[in-house]
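Peer 1: Here you go, one structure.
In this note's numbering, the protein residues as written are 7 to 152.
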């Protein structure tokens, strides 16, 4: 195994990462595909990278702290190379958090748009914002009086 590639991977893993994140990072650093794959397989084998744990933390963080909807979370996890089964399982496990995230995002945007005098424009701004955060329109309708 390439010791230099391994050391780069260890330094990069200060924050929780996916296997694909580490792979892409090492490729950008100029290591070959073979060296990168070998290091990624090894760090996964010894438990330094755990995509299941990453997905769990990412989903919970996205719902609780960042107030994102499921669609946006799914998109971001796919960008990080996580397979659909892991994503769907994590979203399903944390589904009770989604309503709270939607409500929190709605209340924040409601407060931020209180200077808007036209109620129609205000609702549209809020709806567009919530859709951009990844929430379903049907869920948004239940919170916003449409």
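No residue lacks a Cβ here, since even glycine has one placed at the ideal position from N, Cα and C.
What is the rounded straight-line gap between the Cα of residue 150 and the Cα of residue 144?
Peer 2: Along the chain shown, read from residue 1 onward, the residue named residue 150 stands at position 144. Along the chain shown, read from residue 1 onward, the residue named residue 144 stands at position 138. Cα to Cα, the separation comes out at about 10 angstroms.
Peer 1: In the structure shown, what three-state DSSP assignment does residue 54 receive?
Peer 2: Position 48 of the chain shown, counted from the start, is the residue given in the question as residue 54. Coil at residue 54, not helix or strand.
Peer 1: Quick one, which of 26, 100 and 54 has its alpha-carbon nearest residue 42's?
Peer 2: Within the chain shown, residue 42 is the residue found at index 36, counting from 1. Looking at the Cα atoms, 26 is the closest of the given residues.
Peer 1: Quick one, are the C-beta atoms of residue 74 and residue 96 less than 8 angstroms apart?
Peer 2: Your numbering for residue 74 matches position 68 in the chain shown. Your numbering for residue 96 matches position 90 in the chain shown. The answer is no: Cβ separation not under 8 angstroms.
Peer 1: What does the alpha-carbon distance come out to for the pair residue 87 and residue 17?
Peer 2: Along the chain shown, read from residue 1 onward, the residue named residue 87 stands at position 81. Along the chain shown, read from residue 1 onward, the residue named residue 17 stands at position 11. When rounded, the distance between both Cα atoms is 21 angstroms.
Peer 1: May I have the straight-line CA-CA distance separating residue 135 from residue 10, to the nearest angstrom?
Peer 2: Here the question's residue 135 lines up with position 129 in the chain shown. Here the question's residue 10 lines up with position 4 in the chain shown. C-alpha separation (whole angstroms): 45 angstroms.
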